[in-house]
Amino acid sequence: MKNKNIPITICITVVISAFIFHFGIEYYKKQVTQEVMNYLVLEQGYQSTDIAEIKTYISKAPVVSTSVIFKDERNAMYMYKSNNGQMEQYSCIPAINDLKQKYIHAENP
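According to numbering that gives the first Met the number 0, the sequence shown is numbered sequentially starting from 0.
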């Protein structure tokens with residue numbers, strides 16, 4: 000009887016672990032998104048209404064980054080990351096392949 004409970008226990012453990020991992024990641028992404036929003040509003044002087052879209056990604060490098068699209072410049076995406084506890088804009092990406100695009104919200108043009 001004891002051996003029959005082992006597979007059930009393993010399955011339950013895997014399901015619970017996956018659930019915790021998934022929602023932990025989502026919570027973390029929301030937290031980072033809020034940190035970037037706070038940086039833009041409190042330190043850079045933007046209004047929350049200036050931002051059309053903000054989304055945090057977990058990928059390879061940098062591991063966690065947040066994209067921001069401003070309402071007055073929907074054809075550009077600005078990428079932010081935390082570097083030693085300080086938020087920084089590390090990239091500007093055009094929505095279309097326009098290498099001559101001038102970025103209105105670039106912090107270090």
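All residues carry an ideal CB built from backbone N, CA and C; glycine is no exception.
CA-to-CA distance, residue j to residue i, given in whole angstroms
i           : j          : result
residue 75  : residue 15 : 40 Å
residue 95  : residue 65 : 19 Å
residue 80  : residue 86 : 6 Å
residue 102 : residue 35 : 19 Å
residue 49  : residue 71 : 7 Å
residue 2   : residue 13 : 18 Å
residue 27  : residue 44 : 25 Å
residue 93  : residue 20 : 33 Å
residue 18  : residue 82 : 29 Å
Distance CB(residue i)-CB(residue j) smaller than 8 Å
i          : j          : result
residue 32 : residue 9  : no
residue 69 : residue 51 : yes
residue 41 : residue 67 : no
Residues near residue i by beta carbon distance below 7 Å, same chain, minus five either side
i           : result
residue 90  : 78
residue 106 : 88
Contact set for residue i: own chain, Cβ-Cβ below 6 Å, skip 5 residues either direction
i          : result
residue 56 : 64
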